[in-house]
Structures are given as structure tokens and as C-alpha cells.
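Positions 303 to 974 (the numbering used here) are the ones given, in order, by the first sequence.
This report refers to the structure that appears directly beneath it.
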Amino acid sequence: MSAPQNMTLIVDGEEKQVNTGTTGAELFFERRDVVVMRVDGVLKDLDQPLPEDAKIESVTIDSPDGLNVLRHSTAHVMAQAVQQLRPDAKLGIGPYITDGFYFDFDVEEPFTPDDLKTLEKMMLKIVNQNQKFARRVVTEDEARAAMADEPYKLILLDKSAEADEAGEGVNVEVGAGEITIYDNVDRKSGDTIWCDLCRGPHLPNTKLISNAFALTRSAAAYWLGNEKNKQLQRIYGTAWPTKEALKAYQERLAEAERRDHRKLGSELDLFSFPDELGSGLPVFHPKGGIVRKAMEDYSRQRHTEAGYDFVYTPHITKGHLYEVSGHLDWYRDGMFPPIHVDETRDAETNEVVKPGQDYYLKPMNCPMHNLIFRSRGRSYRELPLRMFEFGSVYRYEKSGVVHGLTRVRGMTQDDAHIYCTREQMKDELTSTLNFVLALLKDYGLDDFYLELSTKDPEKYVGADEAWDEATRTLAEVAEASGLELVPDPGGAAFYGPKISVQARDAIGRTWQMSTIQLDFNLPERFELEYQAADGSRQRPVMIHRALFGSVERFMGVLIEHYAGAFPAWLAPVQVVGIPVAEAFNDYMGEVIAKLKAAGIRAEADFGSDRFPKKIRTASKDKIPFVLIAGGEDAEAGAVSFRFRDGSQDNGVPVDDAVARIVEAVRNRDHQL
RNA sequence: GCCUCCUUAGCUCAGUCGGUAGAGCGUUUCACUCGUAAUGAAAAGGUCGCCAGUUCGAUUCUGGCAGGGGGCUCCA
């Protein structure tokens, strides 16, 4: 061995002189919070020696990279525990995910909730053993020998060349380049207790995992995410640098559960899903009906102002329409099966005398709007022609995907189709995007980013040249909006690219809301034409757009966004009047009458409950304005406000109170 | 569609090792008339998701179906 030589490194932006062969662990010896490092931009284990002139960045356990490494290492600890508990378990893949990790196993028997508890205890033991994560570079043959009992790992080795495309998480295990195995090594004996084929990097040791982890659920998942493959048993877990961070995460989940629109929908008596109707078919109760009507009324008003025409189309149609549109080719499985009618058979021979027709429930409105366009000759002077409809559509969603109001089988889209010339296309897209964003803001969502979904090479129709132009135009419009733009390659519908608006709700979750899709294809299929200024016949461009997506889904999102506490303009009951005692019923009644006369949804609570109980009831109903009247108020011709946050405003003259409420409703004030 | 768990009063949930069930909230009635999140009492309310099978007897055990939860796959 040669004598140590000095070399220069840039460590977190500062130049440093160290001996050659220095490892990250030595470099960050005094920084206990540093768990891995970036060497010239690449994440590496701390025990790796540092190359000369390298740029080194420390990665702490609470940084995004550090959290990923923590979670991936926790996944390894879990897998080790699983193979102790179930020696038959074969390893699938085990990557980190947002807020946690999972690991897939092929096991004889699925895991039970008790298994998860047992595993957590076993994991804690492993953590406390302070096993070392040791990286080992191996040849493919060595890897195959080490993984001889792990059939799925052998498949991964077969796939290593194409690992990056093989499926979610695969590149965590193997990748192009060298093959590595991570050994879990016992501190005292130096024995390898467990190992896994893995790219790493990992924490230096299991102790750093501490006790801030939990196994959250187990479920089946297809091997490599392919429905045709075997299902493995997946265990999900979460891991955090501190117990406090774990608690905060669990509190976030609890908050999401409190906001669940399915729970609030029944608590607030908004809607239900009667078994008698079938899966994914909601009914809206009177209170939910008010919310829905308020949503729809405002949407109609804004569409009228924005130059849309209102059309109406039936819920069912002969199948031919969807042959022309192509939907039967592409989405037959997602449609309810046909209703066969008008067939006539010979009374004696039972032979078909007249063939009959297949009618389908409509899964899309666009073909019908095309028929309206085509119902007579169109002039360029009519364009852009904007047709809007609250169109009810029915989709045969697979039984396992139906979910509350967000994924249903019968829904109402706020659907519009804009027919315009190619020259008008860009302006029309720009104004549509602005319209959509402005309207979403009025409903209380104001934190957006955009997603640009482009052609799926496996599933599309139409000329490449048209797709390119459409995609370019959408990208330009999206960029002009100034919002963040996320590419979604292959995410487009078969007939054209789209922009979708993703909105973040009050607790930071994102929802796909509005979509704007360009379509060069349906106008072709339906042979749509208009007469241009020069007398020639031209094909219009079609823009599909929906703001809510579906009214049902949007209501679900708003319920969760507002946690059921709707702004006054959407609230089923806007005001509840509570007299302090029965003696003030008449006075309260007059105030409520004034509010009703002003168009406010106001009710008085003259029930036999005591006063505090009535406050509690109004509070649980999330009423925006509770008005209270007692002796002091009546004498002064006033009324007292109690707001949802518990704050108050006492002694407000009745006329001022009415004006204030009317104002808040008219302004669609989000706070109330 | 696949894996897994679940389904008892309007809601949230106990319970029956196979002998047809109970609480809290809500509802109704009576009393109380009260100044900011639960007044007291009484009553009503259940073919224990549906259909079969086993059994003298099934809400309980078995199977099928429906509906739901959590995932996977899918989402025009």
C-alpha cells in the first residue's frame, strides 16, 4: 500500500483536502444526520471511497433523498422479518414510494393484520441489532448463485438490461451497469444475516431507522404491475426520521379520513348509493340537491356569459353512432352491454323476420353534439360554435374501481364541444383554459398545475402530422398560462392530445379536474364541414372540454376540499336562527323571514332542545351563519352572529345582518 | 376483473362457543324554557345484506350472489 496522498474534494460547496481513499463515512464522521451522499450528483453509500476532485453533497435523513433511502432500507428490514416469519416467502420488489415503501412477496397464505403486528416487533429487533448494510459488487453469475432460491430476482436479472422500462420499482433492484447485492451484516459476528439484490444506496446501519415506522396494510399486487401476471402479496409501510414525524403523518391520514366525502355525504345527508340501484349509481338527497343545483346554476350562468349554446341529447342511442365514432372499437368493455329491441320473429318457426337494433347507454356526449353540428350546413361565420350540455353518461366501470362519487357508473358531465377553424384553434384553447381556471377559482380551488398528455403509440387514430400540430398548440397554450406543466407521455385519449388541470386541495392532495382535448379525428369520422369565406368546404377542429369532469366527482372533491363546510353560496342551509329561549321565537322568526325574502336559505330552530344543544347541532351541520337572538338583541333590534370557527359578532342590527349575509352569498366568499 | 377483509336499528358499533338480539347518537312523545358544542324520562325502531345447503333449529357453520372497504389493473 502506498502512503496516503492528499486529494481535493468539493464538499457541500467548500473545497477540502483529504487523504486518498477517504470514504463518505470518514468525511461526515461528525455529522450523524448525514446518511448517504451525492458524489458528482449520484447517490452513494457513505462507506464508498471518494474519487479525486469529486463534488460531494451530504444527504441528511430528513431530506427528500434521505427519506427515500430510509424507506428503502426499512423495506429491506421488513423483508428480512418476513422471511424469518415465513421462510417460504419469495421476494418480489421493494421500492420506496411517497411517504413510505412496500415489498412484494410470493407466499402460500396472505398476511393477516396480526402478521403485520408481529412483523413490526420483529423489525424493531432487527433495527436494534444495528445490522450493517454492506454493498457488494457481484458478477451476474455470482448474483444468480446468491439468488438461486429467489425466482423473481432471477427474472429481474434476466431483465436487467431493460430494467428501466420493465415496470414500476424494478430499477430499484437492478439496472444497467454493475450488479450489486446488499448484505445485512451482524455487528458482533460479522455474519451476513440476510441479503437482497439491490442497487441501493442504503443507510449505513439499521439503527438509523429508529422506531418511527409502521406497517400500514397488506394487499395483492400483480407481479411487475401486469394484470396477466401472478398476484403477489404486498405489504405497505411508512417510515420517518422521528416519532413526531410519524405521528404527524398519521394525523394527516386521519384528517383525510375525516374529510372523506363518502362519510360526510351521509353525515350531512347529501347523497347515498342505494343497493337497489346498483354499484356506482348515486341518488342526491334534498341537501345534496341544493349543493348540486348551486354548482350547476353558477356553471350555466358563466357558460352563458362565455358564449356557449345549450343543447340536450338523449341518454341512449343506436350502436351505429359509436361505430362511427370508434368508441365501440376502443371502449366496448367500458360500455354497458346493448339493449336489443325491435326484433320480430315468425310466430311458428321462431325465425328472425326483422333483425332488430342494439341500443347503448351513452358513454360520451361528443358524437351526439357532432350530429347537431351536422344537422344543417354550417358557415365559417358561426364558428367558433360552442355547445354545452350537462350530459348524463353511463360507463361500465370495473367492479373493483367504483369509489364514492369520484368513480361512478352513472354521471353527469359538464361537457362542451367547441367547433372552430384551425386558425381559431389557438385563441380558442387559450380562452378556454383561462375560462376553466377562473371558474375553478370561483368554486374555491386556486392551486393548479397542468399536465400535457401526449400520444400513446399503441392506441391512437389519425395522422401523425395532425397529432404533432395539436400537441404543439396545446403545449404553447399551456406554457403561456405560466403554470407548471408536467408531461404525461402516452396519456392521451385515442383521438387527440389533452391538457388537464390538476388542482391541489386544502390539505395538499392533487385531483385531476378539468380536461381540454383537441380532436382532429372525430370531425373526420363524422365528416363535419363548414363553408369557408372563399366558398370552399373545410373541416372544423373540435375541442372537448369539461370543467368539473363530472358534477358528481367535482362535488366529492369540493366536499373533501371544504371538509363539508361549504362556502355560504353552496351550503344547503346558509343560516340557522336560534332563539335563546322560546320567548324569542317570534322575534327570531321575523329575522328568518327577512332572510328568506332576500333569497337566503335560512331556517329557524324552534325545537325543544336546550340552547347549547341547538348550537351544537348547527355546528355539526356545518352551517355557515348561526344567528342568535335573546333579550339584548331583541331590545336593540339586532341579532348575534356565531361563525363556524366559534367566533362571534354580537348586537348586529337586523338589516345589516341580512345585508352582510346576502353579500357573502353573492360574492361566493370562500371563507364563509 | 383480480387479491383480501367486511355487511347486526337511520348512523357508529357490541353480541349470540347454533336456541331469532343490545348500547350510544338520531327519531317520536312528555316534562324542563334555559345566552354559545349534548336537560331528564319514556317509547317506537331489526325476517342480523339476499338466496340456497347442513341441522330438530341458522343472524351465528358452508356455498353462491349483491353491496362496501383496502390494494392491483383500468379510467374515452
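For glycine and all other residues, C-beta sits at the position ideal for the given N, C-alpha and C.
Predicted model only: the values in this text are computed from it and were never measured.
As the crow flies, the alpha-carbon of Val703 is around 24 angstroms from that of Tyr797. The DSSP-derived three-state label of Asn736 is helix. One Cα belongs to Asp766, the other to Phe822, and the distance between them is close to 11 angstroms.
In this structure, the CA atom of Ala777 is about 41 angstroms from the CA atom of Pro926.
Residue environment: Gly343 is assigned as exposed (fewer than 16 neighbouring CB atoms within 10 Å of its CB, all protein chains considered). When the alpha-carbon of Asp408 is set against those of Pro389, Thr540, Val626, His863, the nearest one is in Pro389. Per DSSP, reduced to three states, the secondary structure at Lys700 is coil, with no helix or strand assignment. Here DSSP, grouped into helix, strand and coil, assigns Ser581 to coil. Beta-bridge analysis with DSSP links Thr812 to Arg806. Scanning the stretch 723-775 for uninterrupted beta strand (DSSP E) segments of 3 residues or longer gives 750-755, listed from N- to C-terminal end. In the structure shown, the three-state DSSP call for Lys924 is coil. Pairing Pro914 with Phe943, the inter-Cα distance amounts to about 15 angstroms. In this chain, the alpha helix (DSSP H) harbouring Val960 covers 956-968. The continuous stretches of beta strand (DSSP E) do not include Asp417, which lies in the alpha helix (DSSP H) extending over residues 415-431.
Proximity of the stretch 666-686 to the stretch 600-620 meets the contact definition, three or more beta-carbon pairs being nearer than 8 angstroms. Glu699 and Gly368 have their C-alpha atoms roughly 39 angstroms apart.
Out of Leu785, Asp717, Val626, the CA that lies nearest to the CA of Val763 is found in Val626. Counting only unbroken stretches of 4 or more residues, the alpha helix (DSSP H) elements lying wholly within the stretch 309-359 are 326-329, in sequence order. Cβ neighbours of Asp971 within its own chain (closer than 7 angstroms, five residues either side excluded): Pro869, Ala870.
With fewer than 16 other Cβ atoms inside 10 Å of its own Cβ, His617 counts as exposed.
Taken through DSSP and simplified to helix, strand or coil, Thr714 comes out as strand.
Looking at Gln814, Ala450, Ala835, Pro506, the one whose alpha-carbon comes closest to that of Phe331 is Pro506. Arg604 and Gly866 have their C-alpha atoms spaced approximately 24 angstroms apart. Contact check for Val371 and Val338: beta-carbon distance about 5 angstroms, within the 8 angstroms limit, so the pair qualifies.
Tyr614 carries a coil assignment under DSSP once its states are collapsed to helix, strand and coil. DSSP places Arg647 in the strand class (E or B) of the three-state scheme.
Contact fails between the stretch 491-507 and the stretch 517-530, because fewer than three Cβ pairs, one in each stretch, are under 8 angstroms apart. Taking the CA atoms as reference points, Gly793 sits about 15 angstroms from Asp770. The alpha helix (DSSP H) runs lying completely inside the stretch 362-400 and spanning 4 residues or more are 366-387, given in chain order. Tyr404 is positioned such that its CB atom lies closer than 8 angstroms to that of Arg536. For Lys664, the three-state secondary structure derived from DSSP is coil.
When the Cα atoms are used, Asp488 and Leu499 turn out to be separated by approximately 18 angstroms.
For Pro576, same chain residues with a beta-carbon under 7 angstroms away, outside a window of 5 residues either side, are Val585 in chain order.
Put simply, of Arg806, Ala834, Ile720, Val954 the residue whose alpha carbon is nearest the alpha carbon of Ala848 is Ile720. Residue range 933-938 is occupied by the alpha helix (DSSP H) that includes Glu934.
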